[in-house]
Amino acid sequence: MKEVITSANAPQAIGPYSAALKTGELIFVSGQLPLDPSSGTMPEGIAAQTAQSLANLKALLEAAGSGLDKVVKTTVFLQHISDFAAMNEVYAKTFAAPYPTRSAFEVAALPKGALVEIECIALAK
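Residue numbers (our numbering): 28 to 152.
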C-alpha cells in the first residue's frame, strides 16, 4: 500500500509524480528543488539553495511522521560539480552521524534553472 505525503511547508509536485510516498517502513521523497513553498521563488547561490532543498525534504519527512535523522540514502543533483564543497558544507550541518549514504552527480540541467535538487529514502519509524 502506498500513502501519498504532502506538506504545506514544501512545494507541491510540479508534474505527474508524488512529492513523497510512504510504503511499509520506507518513505521515498522525490527530488526537492530549492523552491520556497510560500512564494515559489528560489534563493540565490548554492548554499542557500541547498538549505532550502533540505528544508523541503525535512517538511515532507515530518509530514510522514519521520525526520532527517531517519534518512538512509540521499541523491544530490548539482548543476555544477564545482559547487560540491559549498553544498557539502550545508549538508554536513543538516545531518548527524551516522550520516546517510549518498550519491552526488553533475547534471546537464535542473528544472527551473536550479543549482541543486536532493531526493532521499528514509525510515518511516
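Each residue gets a CB set at the ideal place from its N, CA and C atoms; glycine is no exception. Because the structure is a prediction, the values reported are computed rather than measured.
Assigned exposure category for residue i - 16 Cβ within 10 Å defines buried
| i | result |
| --- | --- |
| TYR44 | exposed |
| ALA141 | buried |
| GLN39 | exposed |
| ALA149 | buried |
| THR128 | exposed |
| VAL143 | buried |
Inter-residue Cα distance where the pair is residue i and residue j
| i | j | result |
| --- | --- | --- |
| ALA137 | ILE145 | Inspection of the sequence shows that residue 137 is occupied by Leu rather than by Ala. Their Cα atoms are separated by approximately 11 Å. |
| PRO61 | THR33 | 16 Å |
| PRO70 | GLN79 | 8 Å |
| THR50 | TYR118 | 26 Å |
| LEU87 | GLY94 | 8 Å |
| MET114 | LYS29 | 32 Å |
| SER65 | GLY58 | 18 Å |
| ILE54 | LYS100 | 11 Å |
| PHE104 | LYS139 | 14 Å |
| ALA82 | ILE41 | 18 Å |
Option nearest residue i by Cα separation, candidates the options
| i | options | result |
| --- | --- | --- |
| PHE111 | LEU48, THR121, ALA74 and GLY58 | ALA74 |
| ALA46 | TYR126, ALA90 and LYS152 | ALA90 |
| ASN36 | LEU84, PHE122, ALA123 and LEU105 | LEU84 |
| HIS107 | LEU48, ILE148, PHE122 and GLU133 | GLU133 |
Beta-carbon contacts of residue i that lie in its chain and below 6 Å, excluding the five residues immediately before and after
| i | result |
| --- | --- |
| THR102 | SER130 and GLU146 |
| SER109 | none |
Beta strand (DSSP E) segment containing residue i, residue limits
| i | result |
| --- | --- |
| LYS120 | Unbroken run through LYS120 is the alpha helix (DSSP H), 111–121; no beta strand (DSSP E). |
| THR128 | 128–133 |
| LYS49 | 47–50 |
Cut-off 7 Å between Cβ atoms - residues of its own chain near residue i, not counting five sequence neighbours on either side
| i | result |
| --- | --- |
| GLU52 | LEU150, ALA151 and LYS152 |
| THR121 | LEU81 and LEU95 |
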